[in-house]
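Numbers 259 to 435, taken from the numbering used here, label the letters of the sequence shown in order.
Everything on this sheet refers to the single structure shown next.
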Amino acid sequence: MKRKWWMLLVGVIVAVVCGFVAYFFLFGLFEPPVDTSGINLSSDFTTEGLLPTQLVGISLNEEKVITYPIVGSRNFVEFNVSRTIATYDGIVLEIMKADNEDEATLVFEVTFDMEDYFGDASGFMHKTKAPWWFTYESEGISGFYWKSGIWVFGVEAVNGEIRNQAAEEFVLALRGY
Numbered sequence: 259m260k261r262k263w264w265m266l267l268v269g270v271i272v273a274v275v276c277g278f279v280a281y282f283f284l285f286g287l288f289e290p291p292v293d294t295s296g297i298n299l300s301s302d303f304t305t306e307g308l309l310p311t312q313l314v315g316i317s318l319n320e321e322k323v324i325t326y327p328i329v330g331s332r333n334f335v336e337f338n339v340s341r342t343i344a345t346y347d348g349i350v351l352e353i354m355k356a357d358n359e360d361e362a363t364l365v366f367e368v369t370f371d372m373e374d375y376f377g378d379a380s381g382f383m384h385k386t387k388a389p390w391w392f393t394y395e396s397e398g399i400s401g402f403y404w405k406s407g408i409w410v411f412g413v414e415a416v417n418g419e420i421r422n423q424a425a426e427e428f429v430l431a432l433r434g435y
């Protein structure tokens, strides 16, 4: 009888410890690599108007800034966005602005699908709480994308460390608007 109680007690302790470890491990996995909270941008901004002049000490290459509209669809629903891609000598910044949050969601999902197809986007989009985000690694490129309201942002660099540093600086700039 003592042995059964002892085994039951050990089983409960192991289950509780495993539960705590799983909780902290899983919630650590579900945090974006950069805190993107606190970005509340007006729809009056343009995508190009949000470009910082520098990221990680590298100046924006004005000749490598491209802005164009995208018309697309997902699940038979059309969306229209303005997209700007800017290069900071090896760091690529992508900013997309949709007309509304539903369209931004579609754009975010299409972006994830494309990065997952061409690269190795993390297993799923983290959409359980704001902000929605994903990361990917592909042939020497490390990307981090997130959605905030009608905006979708992306930062790509040669590795996760530089990507995160650039994303942190970009988020700080966005919080200042």
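Even glycine gets a Cβ: it sits at the ideal position worked out from N, Cα and C.
The model shown is predicted, which means the values in this text are computed figures rather than measured ones.
Check whether the Cβ atoms of residue i and residue j sit closer than 8 Å, and answer yes or no.
{"i": "Tyr-394", "j": "Glu-419", "result": "no"}
{"i": "Ser-340", "j": "Thr-325", "result": "yes"}
{"i": "Glu-361", "j": "Phe-392", "result": "no"}
{"i": "Glu-306", "j": "Arg-332", "result": "no"}
{"i": "Val-429", "j": "Val-323", "result": "no"}
{"i": "Phe-303", "j": "Tyr-435", "result": "yes"}
{"i": "Leu-308", "j": "Ile-353", "result": "yes"}
{"i": "Val-350", "j": "Ala-356", "result": "no"}
Since I believe residue j is in contact with residue i (beta carbons under 8 Å), could you give me their beta-carbon distance rounded to a whole number of angstroms?
{"i": "Trp-409", "j": "Leu-313", "result": "With a Cβ gap of about 17 Å, Trp-409 and Leu-313 do not count as contacting."}
{"i": "Gly-398", "j": "Gly-412", "result": "Rounded, the Cβ-Cβ distance is 16 Å, inconsistent with contact."}
Looking at the unbroken alpha helix (DSSP H) that takes in residue i, where does it start and where does it end?
{"i": "Ile-420", "result": "418 to 433"}
Rounding to the nearest angstrom, what Cα-Cα distance links residue i and residue j in this structure?
{"i": "Leu-318", "j": "Phe-334", "result": "37 Å"}
{"i": "Gly-381", "j": "Glu-414", "result": "Residue confidence for Gly-381 is low, a pLDDT of 43 falling below 50, so the modelled location carries little weight; the figure read from the coordinates is stated next. When rounded, the distance between both Cα atoms is 18 Å."}
{"i": "Leu-284", "j": "Ala-431", "result": "Residue placement at Leu-284 is poorly supported in this model, since its pLDDT is 48, which falls under 50; the coordinates are not used for a value here."}
{"i": "Ala-344", "j": "Ile-316", "result": "12 Å"}
Starting from residue i and walking both ways along the beta strand (DSSP E), at which residues does that stretch end?
{"i": "Val-350", "result": "349 to 356"}
{"i": "Asn-338", "result": "335 to 346"}
Just to check, is the beta-carbon of residue i closer than 7 Å to a non-hydrogen atom of the ligand FMN?
{"i": "Thr-342", "result": "This structure simply doesn't include the ligand FMN, nor any ligand for that matter."}
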